Amino acid sequence: MPQAYCVKCKANIEIKNPQNVTLKNGKAAVKGTCPNCGTSVFRIGKG
């Protein structure tokens, strides 16, 4: 499972419902939600 930093929880968490996305510049990224608070989280460079 990919991990990201949650700003609200101030901790690294495992992304819930991860989705692979491609940025405008062609880099891979993963976006999803925090399982604890439901905040949107984003991780660049993991695809």
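Once you know that position 32 of the sequence shown is 522 in my numbering, the rest is easy, because the numbers rise by one and skip nothing.
Idealized CB from N, CA, C, for every residue including glycine.
Bear in mind that the values here come from a model prediction, so they are computed numbers and not experimental data.
Euclidean distance between Cα positions of residue i and residue j
{"i": "residue 514", "j": "residue 501", "result": "28 Å"}
{"i": "residue 494", "j": "residue 523", "result": "9 Å"}
{"i": "residue 504", "j": "residue 516", "result": "24 Å"}
{"i": "residue 499", "j": "residue 491", "result": "18 Å"}
{"i": "residue 507", "j": "residue 534", "result": "16 Å"}
DSSP-derived helix/strand/coil call for residue i
{"i": "residue 531", "result": "strand"}
{"i": "residue 516", "result": "coil"}
{"i": "residue 511", "result": "strand"}
{"i": "residue 503", "result": "strand"}
{"i": "residue 521", "result": "strand"}
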